[in-house]
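First up is the structure itself, then whatever we jot down about it.
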Amino acid sequence: MKTSNIFLRASNVFYFLQEAVHNIFLHGLMSLAAVGVTMACLLIMGSFTLVSMNLNATLSDLERENVVIAYIDETYSEEQARALEADIMALDNVESCKFVTREEAMEAFVSQYDDDSVFASVPASVLRDRFEIHLTELEEMESTVIALKAVEGVANVRAELEIAQGFMAVRNMAGVVAIILAVMLLLVSLFIISNTIRLGAYTRRDEVAIIKMCGAKDSFIRCPFVAEGVILGLVGAVIAFFIQWGVYNLVMRAITKSDTMQLLTVIPFHNFAGRILLIFLLVGLAVGAVGSSLAINKFLKV
Amino acid sequence: MVRLTDVYKVYENGARALKGINFQIDDGEFVFLVGPSGSGKSTIIKLLTAEIPPTEGRVMVNGYNLGTITPRQVPYLRRTIGVVFQDFRLIEKKTVYENLALAMRAVGASSQEIKKRVPAMLELVELDRKMNRHPSELSGGEQQRVAIARALVNNPGMIIADEPTGNLDPARSYDLMRLLERINELGTTILVVTHEKELVNRFSKRVLAIENGRIISDGMDGYYRYYENK
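Respectively, the protein sequence lines represent chains A and B. Residues 946 to 1247, numbered by the working numbering, are exactly what the first sequence covers, in order. Residues 6 to 235, numbered by the working numbering, are exactly what the second sequence covers, in order.
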């Protein structure tokens, strides 16, 4: 009798799936709990990840829009001021810088107001020459500002540190909370799936002992239980994905309609739907497989 | 072939179940292992099926040394032995056919092999007409015949029957023994563990008598002789 390729046989695959589905329905409530917890775990993990991704996008926009202004000492002539460009560009985290003369600054200032005649008598000399500087990493803004201030000839530096720091704090917090909650819920999910499988294995312990006595390998006995865990994990993942999709779109619509949250950049869900589904499926599969493997080991000692 | 040499078994609770067992069963033999409750019969079965290891001594079963057997080798050892239990241990939710098919599937048999072999085995135990019944729809004797068919379905060299007639009336018990005798005539080694003196005495077979963890008699009329002289 050939015993090779035991798991590749279509009849065995059918048997494993049949047993798995049978057990899922036999312990319906436990199965439901396992799917529910896996789903909740993925939803929370996904939600925080999405918040984090969106804040990252908002931060990227801020990085593009946020300009640090370095004011040049008023005793410096325009030529001397222009010569500082090399020193500024030599600093870490400086992506680009643009020299703005006093006159250009005044022109830009005046253009913000409808009635520019008010500023007609104000000479450009009240303003300073300056550099508009774009940074590579917003996170390092503070250290870059310190470095800029240390450049000889730079009288003062203006940077919107608070906004950047606020966004970064929220993003970092979202990341940390996502990781902590995801780990906790993954453990709970693992525990529930493991218990569901253990219950099934306990109900069928005599059957397991009989099959082992017939000469079945542990892998043959383990397969239906692992299949059960994987099915529960995958079902949880698929449901979580669709709920995530729906909730995300609702939140996205609310944000885009809101007047107060226009600052936020919201990425459409379809931009990362594939990645989210893949991650959910992989996590569901892993939780199911590991949870069931842990549960069945005890029943294999016959 | 089975050979036990100076085998001792002491359980974790300190119970000394076997105290220096020696015997050999050659291929093709039919042997009764008899003895009262607590004599060590069940321990010998557990040793032979690698459920427990010996504390001391050497246990050889169909070429495997059970003192050194690895967990990976145990399934292969068990494929050389068919075990029949007193309580039949059939899977209730499966039909007679499915019970046998699962035993074959568990060792990697193909669907074609299963379709060919299962009806043949059921024909041997005269239950081919009841292959689609569930165990609960069969009598005790029929269920035990299904258990024998399952034990035989993977073509093992040896059948170990643990009190196979314990749940049967005398007439069914005799029929079952006749069936095992017929299987033995086809070349399968048979070891029947029992404490039913009357039944053993109706068959002229080798009898190993065990008491208090020791073999006290080994011969064609061992059980009868020992108990009559006691």
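C-beta: ideal position from N, C-alpha, C; glycine also. This one's a predicted model, so the numbers in the text were calculated from it and none came from an experiment.
Taking residue i as the reference, which of the options has the closest Cα?
{"i": "residue 1039 of chain A", "options": "A:1046, A:1045, A:1031", "result": "A:1031"}
{"i": "residue 68 of chain B", "options": "B:78, B:94, B:124, B:176", "result": "B:78"}
{"i": "residue 106 of chain B", "options": "B:89, B:97, B:116", "result": "B:116"}
{"i": "residue 958 of chain A", "options": "A:986, A:1170, A:1023", "result": "A:1170"}
{"i": "residue 1068 of chain A", "options": "A:1224, A:1035, A:1052", "result": "A:1052"}
{"i": "residue 15 of chain B", "options": "B:73, B:187, B:49", "result": "B:49"}
{"i": "residue 164 of chain B", "options": "B:186, B:24, B:99", "result": "B:186"}
{"i": "residue 180 of chain B", "options": "B:156, B:33, B:146", "result": "B:146"}
{"i": "residue 1137 of chain A", "options": "A:1239, A:1210, A:961, A:1218", "result": "A:1239"}
{"i": "residue 88 of chain B", "options": "B:129, B:55, B:219, B:218", "result": "B:55"}
{"i": "residue 1112 of chain A", "options": "A:1211, A:1183, A:1083", "result": "A:1083"}
{"i": "residue 1254 of chain A", "options": "A:1025, A:1117, A:1225", "result": "Residue 1254 of chain A lies beyond the range of chain A shown here (946 to 1247); nothing can be said about it."}
{"i": "residue 1050 of chain A", "options": "A:1164, A:1002, A:1075", "result": "A:1075"}
{"i": "residue 156 of chain B", "options": "B:193, B:175, B:61", "result": "B:193"}
{"i": "residue 30 of chain B", "options": "B:24, B:53, B:18, B:45", "result": "B:53"}
{"i": "residue 80 of chain B", "options": "B:174, B:214, B:113, B:184", "result": "B:113"}
{"i": "residue 1131 of chain A", "options": "A:968, A:981, A:956, A:964", "result": "A:981"}
{"i": "residue 219 of chain B", "options": "B:9, B:118, B:20, B:44", "result": "B:44"}
{"i": "residue 27 of chain B", "options": "B:72, B:13, B:17", "result": "B:13"}
{"i": "residue 990 of chain A", "options": "A:1015, A:1221, A:1064", "result": "A:1221"}
{"i": "residue 1105 of chain A", "options": "A:1155, A:1209, A:1135, A:1012", "result": "A:1012"}
{"i": "residue 992 of chain A", "options": "A:1085, A:1172, A:1191, A:973", "result": "A:1191"}
Which term fits residue i, buried or exposed, when burial requires 16 or more other beta carbons within 10 angstroms of its beta carbon?
{"i": "residue 1033 of chain A", "result": "buried"}
{"i": "residue 1248 of chain A", "result": "Residue 1248 of chain A lies beyond the residue range present for chain A, which begins at 946 and ends at 1247; the question has no answer from this structure."}
{"i": "residue 1242 of chain A", "result": "exposed"}
{"i": "residue 947 of chain A", "result": "Unreliable positioning characterises residue 947 of chain A in this predicted model, as indicated by a pLDDT of 45, which lies under 50. A coordinate reading is not provided."}
{"i": "residue 1215 of chain A", "result": "exposed"}
{"i": "residue 949 of chain A", "result": "Any reading at residue 949 of chain A must be qualified, since the residue scores a pLDDT of 45, below 50, and its modelled position is unreliable; the value itself is stated next. So residue 949 of chain A counts as exposed."}
{"i": "residue 1128 of chain A", "result": "exposed"}
{"i": "residue 1091 of chain A", "result": "exposed"}
{"i": "residue 121 of chain B", "result": "exposed"}
{"i": "residue 908 of chain A", "result": "Residue 908 of chain A lies beyond the range of chain A shown here (946 to 1247); nothing can be said about it."}
{"i": "residue 1147 of chain A", "result": "exposed"}
{"i": "residue 210 of chain B", "result": "buried"}
{"i": "residue 1019 of chain A", "result": "exposed"}
{"i": "residue 1151 of chain A", "result": "exposed"}
{"i": "residue 976 of chain A", "result": "buried"}
{"i": "residue 11 of chain B", "result": "exposed"}
{"i": "residue 1097 of chain A", "result": "exposed"}
{"i": "residue 1227 of chain A", "result": "exposed"}
{"i": "residue 149 of chain B", "result": "buried"}
{"i": "residue 167 of chain B", "result": "buried"}
{"i": "residue 158 of chain B", "result": "buried"}
{"i": "residue 1117 of chain A", "result": "exposed"}
{"i": "residue 1189 of chain A", "result": "buried"}
First and last residue of the beta strand (DSSP E) that includes residue i?
{"i": "residue 167 of chain B", "result": "163-167"}
{"i": "residue 1227 of chain A", "result": "Where residue 1227 of chain A is concerned, there is no enclosing beta strand (DSSP E), although the alpha helix (DSSP H) it sits in stretches over 1218-1241."}
{"i": "residue 1014 of chain A", "result": "1012-1017"}
{"i": "residue 160 of chain B", "result": "Run containing residue 160 of chain B: none; DSSP gives neither H nor E here."}
{"i": "residue 1257 of chain A", "result": "Within the shown structure, residues of chain A are numbered from 946 to 1247, placing residue 1257 of chain A beyond reach of any answer."}
{"i": "residue 65 of chain B", "result": "61-66"}
{"i": "residue 236 of chain B", "result": "This structure cannot speak to residue 236 of chain B, because chain B is shown only from 6 to 235."}
{"i": "residue 1080 of chain A", "result": "1075-1080"}
{"i": "residue 1035 of chain A", "result": "Per DSSP, residue 1035 of chain A belongs to no beta strand (DSSP E) and is neither H nor E."}
{"i": "residue 222 of chain B", "result": "219-224"}
{"i": "residue 197 of chain B", "result": "194-199"}
{"i": "residue 39 of chain B", "result": "35-39"}
{"i": "residue 1071 of chain A", "result": "Per DSSP, residue 1071 of chain A belongs to no beta strand (DSSP E) and is neither H nor E."}
{"i": "residue 25 of chain B", "result": "21-30"}
{"i": "residue 10 of chain B", "result": "7-15"}
Where does the unbroken alpha helix (DSSP H) through residue i begin, and where does it stop?
{"i": "residue 206 of chain B", "result": "202-206"}
{"i": "residue 185 of chain B", "result": "175-190"}
{"i": "residue 1056 of chain A", "result": "1047-1056"}
{"i": "residue 1067 of chain A", "result": "Run containing residue 1067 of chain A: none; DSSP gives neither H nor E here."}
{"i": "residue 1024 of chain A", "result": "1023-1027"}
{"i": "residue 57 of chain B", "result": "Run containing residue 57 of chain B: none; DSSP gives neither H nor E here."}
{"i": "residue 127 of chain B", "result": "116-129"}
{"i": "residue 103 of chain B", "result": "101-110"}
{"i": "residue 83 of chain B", "result": "79-83"}
Report task. Would you list, in sequence order, the uninterrupted alpha helix (DSSP H) runs of no fewer than 4 residues that lie entirely inside the region 948-995 of chain A? Result -> Within the region 948-995 of chain A, the complete alpha helix (DSSP H) segments of 4 residues or longer fall at 955-971, listed in chain order.
Query raised in the report: Residue ranges of each alpha helix (DSSP H) run of no fewer than 4 residues wholly in the region 1087-1175 of chain A, ordered along the chain?
Result: With a minimum length of 4 residues, the continuous alpha helix (DSSP H) runs that stay inside the region 1087-1175 of chain A are 1106-1148, 1150-1158.
Query raised in the report: Using a beta-carbon distance cut-off of less than 9 Å, what residues from the region 149-183 of chain B approach chain A?
Result: For the region 149-183 of chain B, the set of residues with a beta-carbon nearer than 9 Å to any beta-carbon of chain A comprises 155, 156, 158, 159, 160, 161, in chain order.
Report task. Could you list the residues in the region 1158-1189 of chain A with a C-beta less than 9 Å from some C-beta on chain B, going in chain order? Result -> With the criterion set as a beta carbon lying under 9 Å from some beta carbon of chain B, the members of the region 1158-1189 of chain A are 1158, 1159, 1160, 1161, 1162, 1163, 1165, 1166, in sequence order.
Report task. Tell me the start and end of each unbroken beta strand (DSSP E) in the region 1174-1213 of chain A that is at least 3 residues and wholly inside, in chain order. Result -> For the region 1174-1213 of chain A, not a single whole beta strand (DSSP E) run of length 3 or above is found.
Query - Near-chain A residues of the region 85-105 of chain B - C-beta to any C-beta below 7 Å - result: Of all residues in the region 85-105 of chain B, the ones placed with a Cβ closer than 7 Å to any Cβ belonging to chain A are 88, 94, 96, in chain order.
Report task. Taking only beta carbons into account, state which residues of the region 1126-1160 of chain A come closer than 7 Å to chain B, listed in chain order. Result -> Contacts with chain B (Cβ-Cβ distance below 7 Å) from the region 1126-1160 of chain A involve 1151, 1152, 1155, 1156, 1158, 1159, 1160, listed in chain order.
Query raised in the report: Closer than 9 Å, Cβ to any Cβ of chain A: which residues of the region 41-65 of chain B, in chain order?
Result: Residues passing the 9 Å Cβ filter: 54, 56.
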